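Protein chains: 2
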Amino acid sequence: MAATNEDRAALLGELVTRSIPGWAIAVVRLNSAVAGRLGVTDTDVLCLHVLDRYGPATPGALAKRVNLTTGSASRMIDRLVAAGCVRRVPDPADRRRVLIEPTQEGRDRAATAYAGLVARTHAELAGYTEEELRTLARFMAAAERDTAAEAQHFQSTAPGD
Amino acid sequence: MAATNEDRAALLGELVTRSIPGWAIAVVRLNSAVAGRLGVTDTDVLCLHVLDRYGPATPGALAKRVNLTTGSASRMIDRLVAAGCVRRVPDPADRRRVLIEPTQEGRDRAATAYAGLVARTHAELAGYTEEELRTLARFMAAAERDTAAEAQHFQSTAPGD
DNA sequence: GTCGATCGCTGCGTCGCGCAGCGAAATATC
DNA sequence: GATATTTCGCTGCGCGACGCAGCGATCGAC
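Line by line, the protein sequences are chains C and P. Going by numbering that gives the first Met the number 0, the first sequence wraps up at 160, each residue one higher than the last. Going by numbering that gives the first Met the number 0, the second sequence wraps up at 160, each residue one higher than the last.
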């Protein structure tokens, strides 16, 4: 069993210190490249992802999710509106609030930008059994939860500790 | 088998349109939060990741990897040097070149910043069999390769097409 | 009705970034 | 060996994204 434990340690090390950081780097680079292609900022692209993943949100909630002040978020929304990617929808229940939702054009442009990667990913996943897909889903869900929790923790605590 | 195919489609959809984008969003947020904590820019943190993942590099190579011009990369290195995270080492073989490598302090601070997430990840992976770990490693390697290839493709092609 | 809290939006200063150009050094050409 | 070309990293300059502080508008509590 010693060999198996060594194999396991090697697998863990490769995953945690190589593949995952490498993937994270590539993700940031890709987002940046897509932003340049769409003519918007990296932050704007992150905002579009947030809208696509978690649905319409107010500027305040959006500001928290993309790690911005409400003032900067207001400007970001201005840019995205000008780019035709999102739309401001007044909240009938609370006339202070404004809901931000992606336009059809915005969704289409984002889908086009990531179509290549989605296709590559589907091609890769075609070679996996349903059992393996379940394993991937389990880990991805945990990774999303853990990473979001860490980000939340960092943003909520003071820089001093 | 129809039910199985439906299950498989649901798994694929959840993975590609939910978990992976959600994880990517969390990764960007975490990097931004870590940058704020370390008192540097998001780009600077990405640079530190690149150095940790791919080893020391020249400013020019670094600029390509973080999607920056050589001029901006020079300023970025200035900031990281001032923050005590990296060091400029002259290349004895080519006196034009300078190699950028992380300092011990820089490595320690980065390790501290991500210690929480690494611990969470190891705790999660402790519940996986070696077979499952191999599946994860296979997919993450493919994801890193595919995502990097997409980013490369976007950066190398003109914005017009 | 009054007061405090919350929401989104606007001047102002700071700073990261791209662009264009610089000198230094390695390589190619004769 | 001398000259020309290319490559490398570094510096003024303008643009723009961001944080900060403050504003009016609106909601909820009493």
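Ideal Cβ placement from N, Cα and C applies to all residues, glycine included. These numbers come from a predicted model, not from an experiment.
Sequence-distant residues of the same chain with beta carbon closer than 7 Å to residue i, five excluded per side
i	result
THR68(P)	ALA62
MET75(C)	THR42, ASP43, CYS46, LEU67
PRO58(P)	THR69, ALA72, SER73, ILE76, VAL97, ILE99
GLN154(C)	ASN66
Distance, residue j Cα to residue i Cα
i	j	result
ASN30(P)	ALA8(P)	32 Å
THR134(P)	GLU131(C)	7 Å
GLU149(P)	VAL44(C)	16 Å
GLY105(P)	ALA56(P)	16 Å
THR144(C)	HIS152(C)	Checking the sequence, you will find Arg at residue 144(C) rather than Thr. Near 12 Å, if we compare the C-alpha coordinates of HIS152(C) and ARG144(C).
TYR113(C)	PRO91(P)	43 Å
ALA34(C)	TRP22(P)	19 Å
PRO89(C)	THR120(C)	37 Å
HIS48(C)	ARG94(P)	44 Å
ASP107(P)	LEU37(P)	12 Å
PHE138(C)	GLY12(P)	15 Å
THR111(P)	ALA118(P)	11 Å
ARG87(P)	TYR127(C)	45 Å
ALA32(C)	ALA32(P)	21 Å
GLY159(P)	ALA81(P)	With a pLDDT of 43 at GLY159(P), under the threshold of 50, the modelled position of that residue is not reliable, and the figure given next carries that caveat. So the alpha carbons of these two residues sit roughly 39 Å apart.
ALA122(C)	GLN103(C)	27 Å
ALA140(P)	THR3(P)	27 Å
Pick from the options that is closest to residue i, judged by C-alpha positions
i	options	result
THR146(C)	SER71(P), CYS84(P), VAL27(P)	VAL27(P)
ALA142(C)	LEU47(P), ILE24(P), GLY38(P)	ILE24(P)
GLY83(C)	ALA32(C), GLU5(C), VAL15(C), ALA109(C)	ALA109(C)
LEU116(P)	ILE19(C), GLU5(C), GLU13(C)	ILE19(C)
TYR53(P)	TYR127(C), THR111(C), ARG17(C), ALA122(C)	ARG17(C)
Nearest-angstrom beta carbon gap, residue j and residue i [assumed within contact, 8 Å]
i	j	result
LEU50(P)	VAL85(P)	7 Å
LEU79(P)	VAL39(P)	7 Å
LEU10(C)	ALA136(P)	6 Å
GLU165(C)	ASP6(P)	Look at the range of chain C in this structure, 0 to 160, and you will see that residue 165(C) is not part of it.
Residues near residue i in its chain [Cβ-Cβ closer than 6 Å; skip 5 each side]
i	result
ARG64(P)	VAL49
PRO101(C)	LEU50, VAL85
ALA60(C)	none
Notebook entry, point to check: In chain order, what residues of the stretch 130 to 145 of chain P put their CB closer than 9 Å to some CB of chain C?
Noted result: GLU130, GLU131, LEU132, ARG133, THR134, LEU135, ALA136, ARG137, PHE138, MET139, ALA140, ALA141, ALA142, GLU143, ARG144, ASP145
Check: For the stretch 87 to 106 of chain P, which residues have a CB atom closer than 8 Å to at least one CB atom of chain C, in sequence order?
Finding: none
Notebook entry, point to check: According to a CB-to-CB cut-off of less than 8 Å, which residues of the stretch 59 to 84 of chain C neighbour chain P?
Noted result: ARG64, VAL65, ASN66
Notebook entry, point to check: Which residues, in chain order, does the stretch 1 to 30 of chain C contribute to contact with chain P at a C-beta distance below 8 Å?
Noted result: THR3, ASP6, ARG7, LEU10, LEU11, GLU13, LEU14, VAL15, ARG17, SER18, ILE19, PRO20, GLY21, TRP22, ALA23, ILE24, ALA25, VAL26, VAL27, ARG28, LEU29, ASN30
Notebook entry, point to check: Taking Cβ-Cβ distances below 9 Å as the criterion, which residues of the stretch 46 to 58 of chain P are in contact with chain C?
Noted result: Sequence-ordered contacts of the stretch 46 to 58 of chain P with chain C read HIS48, VAL49, ASP51, ARG52, TYR53 [C-beta pairs closer than 9 Å].
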